[in-house]
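In the working numbering, the protein residues as written are 822 to 972. Just so you know, even glycine gets a beta-carbon here, dropped at the ideal spot from N, CA and C. Everything numeric in this text was worked out from a predicted model, so none of it was measured. Worksheet: one structure, shown below.
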Amino acid sequence: MKLAIAGDSAGESLAKVLADYLKDRFEVHEVSRVNECADPFYANLSDRVASSVLNGTFDKAILVCGTGIGVCISANKVPGIRAALTHDTYSAERAALSNNAQIITMGARVIGIGLAKSIADAFLAQSFDEKGPSAGNVDAVDALDAKYNAR
822 MKLAIAGDSA GESLAKVLAD YLKDRFEVHE VSRVNECADP FYANLSDRVA
872 SSVLNGTFDK AILVCGTGIG VCISANKVPG IRAALTHDTY SAERAALSNN
922 AQIITMGARV IGIGLAKSIA DAFLAQSFDE KGPSAGNVDA VDALDAKYNA
972 R
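As structure tokens, this is what we get:
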């Protein structure tokens, strides 16, 4: 699995810890706001990562900012992306199983390193069942996305 991990100025340190933690099990790509483009805005970092997930460069992604909220809102502006804010393992698991989220987000100022690692593990251990009970809900979300992005 090709996994992108990125953080804004508040989330870079935790993003790096997660990348180091996961690199032995996944093909991890650290998307740096500094090395690739000195853009200070989490919206643009989220766009670069979410667009790369959408076009197949990456299978999934983890985005980190201070609260996880800004990168989540920004990633969800990319049509076709389902990003979920996760600050506990159950939400991370359900983001994959119930919502077919391609991206999870978290806040470096909200959770610690140990919990962040557990959240990443919970998300990455699951895969969505396209014929399962949540498939209809995901289809409805995608239809809503298409409806408002077709304008």
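Run of the alpha helix (DSSP H) containing residue i, from where it starts to where it stops
| i | result |
| --- | --- |
| E833 | 833-843 |
| A971 | Taken as a continuous stretch (DSSP letters only), A971 belongs to no alpha helix (DSSP H), as it is neither H nor E. |
| K938 | 934-945 |
| S867 | 863-875 |
Pick from the options that is closest to residue i, judged by C-alpha positions
| i | options | result |
| --- | --- | --- |
| A922 | G928, R930, G935, F944 | F944 |
| E833 | F847, K881, D909, I934 | I934 |
| A967 | R903, I925, F847, M822 | R903 |
| A831 | R930, A896, F879 | R930 |
| A836 | V899, V892, A961 | V892 |
| E975 | G828, D860, I932, S872 | This structure leaves residue 975 out entirely; the chain is present only between 822 and 972. |
Buried or exposed (CB count within 10 angstroms, at least 16 for buried), residue i
| i | result |
| --- | --- |
| G877 | exposed |
| K898 | exposed |
| A825 | buried |
| A916 | buried |
| L965 | exposed |
Delimiting residues of the beta strand (DSSP E) encompassing residue i
| i | result |
| --- | --- |
| S895 | That residue, S895, is in no beta strand (DSSP E); its alpha helix (DSSP H) goes 890-896. |
| T910 | Looking at the DSSP string, T910 is not in any beta strand (DSSP E); the run it does join, the alpha helix (DSSP H), is 910-918. |
| A825 | 823-828 |
Would the segment 834-846 and the segment 862-873 be scored as touching if the rule is three or more Cβ pairs under 8 Å? In short, these stretches do not touch, since the Cβ pair count stays below three.
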